[in-house]
Amino acid sequence: LLEIPLVERMEILKKVVEKDDTLIPSPGKILTDPKELQLMLDDAISKGLEGVVVKRVDSAYEAGGRNFNWVKLKRHSSGELQDTIDCVILGYIYGRGKRTAFGAGALLVGVYDSEKDEFVTVSKIGTGLTDEEWRSIKEKTRGVELDHKPARVTSVIVPSVWVKPQIVIEVLADEITRSPIHTAGVVFNNEVKEPGYALRFPRLVNFRDKDKKAEDATTVEELIEMYEQQGKR
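Shown next, in the form of structure tokens:
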């Protein structure tokens, strides 16, 4: 049953599992409106729960796997950041299911390290984009896709396709966290690595490539300042 889409597996469970005091199937609801999802999240928080788990209805089951088909949404005390972050698209990961048609299923984005004159990763963005936005991304990346990492990019993550660092997007996130897998702000002291910085729950707000070049994106210094300020609110 692992390769069967989630919606079909749920129907099978309803037929074979009888509800009793020992085994209770988790209730689920198919949503298409983000506002309904927000209401469901608020309801879960009000009941003292951590949040909700959102799953693509066409996703297969991957034991131990971590991807954007299943996403946990939680309400953080810090809420959203006070300002947006201008990121640069550095690459993308191939899409699955419905996103196969768009080519990209998740974006690898970064910020600008002005001291080293290079771009460093800060997040992957794979949720919250409309079909039209995915089409726009595919159109914008056409002609700037690469089969190798650009010389001015430092990344631990290897995307399916690299992209020349020139497309700027405006991103909103819940908070900035320390991350061992992203290279923004990574520091090596006596061979001891200090983790980098990453965006938690990032989502695309707008495309800025028409009025900003890649070097105008948010800098590592600005990102660290935002990280420090969020703890003072």
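54 is the number of the first residue of the sequence shown in the working numbering; add one for each residue after it.
C-beta atoms are modelled at their ideal positions from N, C-alpha and C, and glycine is treated no differently.
Counting the other CB atoms within 10 Å of its CB gives Thr271 a total of 16 or more, which places it among the buried residues.
For Glu186, the uninterrupted alpha helix (DSSP H) segment begins and ends at 184-194. Taking a C-beta distance under 8 Å as the contact criterion, Lys202 and Trp187 do not qualify as a contact pair. When beta bridges are read from the DSSP output, Asn122 appears opposite no residue.
Just measuring C-alpha positions, the residue of Leu126, Pro58, Pro87 sitting nearest Asp111 is Pro58. About 15 Å separates the beta carbons of Phe260 and Pro218, which is beyond the 8 Å limit, so they are not a contact pair. Taking the Cα positions, Glu185 is about 17 Å away from Ile220.
Looking at the DSSP output, Asp166 shares a beta bridge with Glu171. Apart from sequence neighbours up to five positions away, the residues of its chain that approach Val197 with a beta-carbon distance below 8 Å are Val216, Lys217, Gln219, Ile220, ordered along the chain. In this structure, DSSP gives Leu225 an extended state, which the three-state scheme calls strand.
Nearest C-alpha to Phe254 among Val211, Gly179, Met279: Gly179. Annotation for Lys177: Ala159, Leu161 place their beta carbon closer than 6 Å to its own, counting only its chain and skipping 5 residues before and after. In this structure, Val258 keeps its C-beta atom at 8 Å or more from the C-beta atom of Glu228. As the crow flies, the alpha-carbon of Asp166 is around 5 Å from that of Val273.
In the three-state reduction of the DSSP assignment, Arg261 falls in the coil class, being assigned neither a helical nor a strand state. Residue burial is scored here from C-beta neighbours: Ala204 has fewer than 16 other C-beta atoms within 10 angstroms and is therefore classed as exposed.
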